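Novice: First, the structure itself, so that you have it in front of you.
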Amino acid sequence: MQIKGLNVDYFGNSALEGVTLDIPFGHSVGIIGPNGAGKSTFIKALLDVIKKRSGTVKAEGKDIALYRRNIAYVPQKNDIDLTFPITVKDTVLTGTYPNLKLFRRPGKKERAIAERSMAMVEIGDLADKQISNLSGGQLQRVFIARALAQEASVFFLDEPFVGIDMVSERIIVNLFKQLRGEGKTILVVHHDLHEVEEYFDKIILLNKQLIAFGDVQDTFTTENIRRAYGTSLGNVIIQGAGGAAHA
Ligand SMILES: Nc1ncnc2c1ncn2[C@@H]1O[C@H](COP(=O)(O)OP(=O)(O)OP(=O)(O)O)[C@@H](O)[C@H]1O
207 MQIKGLNVDY FGNSALEGVT LDIPFGHSVG IIGPNGAGKS TFIKALLDVI KKRSGTVKAE
267 GKDIALYRRN IAYVPQKNDI DLTFPITVKD TVLTGTYPNL KLFRRPGKKE RAIAERSMAM
327 VEIGDLADKQ ISNLSGGQLQ RVFIARALAQ EASVFFLDEP FVGIDMVSER IIVNLFKQLR
387 GEGKTILVVH HDLHEVEEYF DKIILLNKQL IAFGDVQDTF TTENIRRAYG TSLGNVIIQG
447 AGGAAHA
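First residue of the sequence shown: 207, per our numbering; consecutive thereafter.
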């Protein structure tokens, strides 16, 4: 995915400035940076769901709009209306809609895809429950199953580990490993620096501007964390992460 000169403003305030990088497919990539660094904005700009002031985003040489169907997106929980009356299986089934032909309803094939997707995140037993009755971790797995049902090759997830239980976290991490093994690309906005090395093979450090991008071993360094978070906050974070970052 080729990103060139990406600038995004909200009401005249800049959220992203001149972000240029080339994200190779087939990796699990963490997007890391302080609150308000523009991480969610970055994902939304790549998806073309918010207006850019300038810049281009291409995938395999094509404008991202032409590639959009191949990208499954799991937004932050806050961005989803959880009071909407819908069951787990119907929510997951909506993941198949982008691939349906015009005026076609989901049939046997789509229901089989939805079932397989639910099984991949171990929520088959919740199929008939209303989404409003689920725990945070179960809900996150429902939205990931919906993304799987889209049968995309690229996955964008915004803070998937926030407010979830350890069992859900383990299931999701194992799924990421499985998807990566199948050559899929996973781009994840992530807050907690503890697990960075286990979850991702590349990271993007962001604070309005691109601070660093590359393999975790080379990029997840105390120096880069200080540059992204500022020296004093960076030091607190490095200590809190128990030396997870490289010196
Ligand atoms: N819809 C919006 N309207 C106005 N300003 C916005 C909007 N969305 C984000 N912003 C501002 O843009 C900046 C970047 O926000 P963004 O949500 O992308 O950051 P983030 O790194 O994902 O933050 P967090 O970790 O807190 O979720 C912040 O200053 C935020 O207040």
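Built from N, CA and C at the ideal position, the CB exists for glycine as well.
Quick caveat: nothing in here was measured; it's all calculated off a predicted structure.
(1) Identify the residues that DSSP records as bridge partners of Gly301: which are they?
(2) Quick one: is the Cβ of Tyr279 within less than 6 Å of any heavy atom of ligand 1?
(3) Determine the contact status of Phe382 and Ser234, defining contact as a CB-CB distance below 7 Å.
(4) Taking 6 Å as the cut-off, does the CB of Glu335 come closer than this to any heavy atom belonging to ligand 1?
(5) Can you look up Asp228 in the DSSP assignment and give me helix, strand or coil?
(6) So for Asn241, helix, strand or coil by DSSP?
(7) Give the range of the alpha helix (DSSP H) segment to which Gly330 is assigned.
(8) Contact defined as beta carbons within less than 8 Å: I believe Gly343 pairs with Lys283. What is the distance between those atoms, to the nearest angstrom?
(9) Going by C-alpha distance, which of Gly387, Glu404, Arg352 and Ser359 is nearest Glu375?
(10) For the stretch 309 to 322 and the stretch 282 to 300, state whether three or more C-beta atom pairs, one from each stretch, are separated by less than 8 Å.
(11) Beta-carbon within less than 6 Å of Ala265's beta-carbon, same chain only, minus the 5 sequence neighbours each way: which residues are those?
(12) Measure the Cβ-Cβ separation of Ser359 and Asn430 and say whether it is below 7 Å.
(13) Determine, using beta carbons only, whether Thr226 and Gly211 come nearer to each other than 7 Å.
(14) Since Leu399 contacts Ala451 with CB under 8 Å, what's their CB separation in whole angstroms?
(15) CA-CA distance, Gly232 and Val394?
(16) Verify the contact flag: Gly343, CB atom, against every heavy atom of ligand 1, threshold strictly below 6 Å.
(17) Going along the chain, which residues of its own chain have a beta-carbon closer than 6 Å to the beta-carbon of Asp254, five neighbours each way excluded?
(18) Nearest to Val294 by alpha carbon, out of Ser341, Gly224 and Arg432?
(19) Is the beta carbon of Ile242 within less than 6 Å of some heavy atom of ligand 1?
(20) Label Val491 either buried or exposed according to how many other C-beta atoms from any shown protein chain fall within 10 Å of its C-beta, with 16 as the threshold for buried.
(21) Cβ of Glu223 within 7 Å of Cβ of Gln415?
(22) Does ligand 1 have a heavy atom nearer than 6 Å to the CB of Tyr435?
(23) Which residues in the same chain have their Cβ closer than 6 Å to the Cβ of Ala221, if we skip the five residues on either side of it in sequence?
(24) Verify the contact flag: Tyr273, CB atom, against every heavy atom of ligand 1, threshold strictly below 6 Å.
(25) Measure the alpha-carbon distance for Ala355 versus Phe406 and round it to whole angstroms.
Specialist: According to the structure shown:
(1) According to DSSP, Gly301 bridges with nothing at all.
(2) no
(3) yes
(4) The amino acid occupying residue 335 in the given sequence is Lys; Glu does not appear at that position. No, Cβ of Lys335 sits at least 6 Å from all heavy atoms of ligand 1.
(5) strand
(6) coil
(7) Neither: Gly330 is in no alpha helix (DSSP H) and is coded neither H nor E.
(8) Contact flag wrong, Cβ pair sits at about 11 Å.
(9) If we check each option's Cα against that of Glu375, Glu404 comes out closest.
(10) yes
(11) Once the five neighbours on either side are set aside, the close Cβ partners of Ala265 are Met207 and Tyr273.
(12) no
(13) yes
(14) 7 Å
(15) 13 Å
(16) Ligand 1 has no heavy atom closer than 6 Å to the beta-carbon of Gly343.
(17) Ile270 and Ala271
(18) Ser341
(19) Just to set this straight, residue 242 is Gly in the shown sequence, not Ile. Yes, the Cβ of Gly242 comes within 6 Å of a heavy atom of ligand 1.
(20) With the chain covering only 207 through 453, there is no way to say anything about residue 491.
(21) Yes, these two residues count as a Cβ contact at 7 Å.
(22) no
(23) For Ala221, where only same-chain residues beyond five positions count, the Cβ hits under 6 Å are Val214, Gly244 and Thr247.
(24) no
(25) Taken atom to atom, the span from the alpha-carbon of Ala355 to that of Phe406 is near 23 Å.
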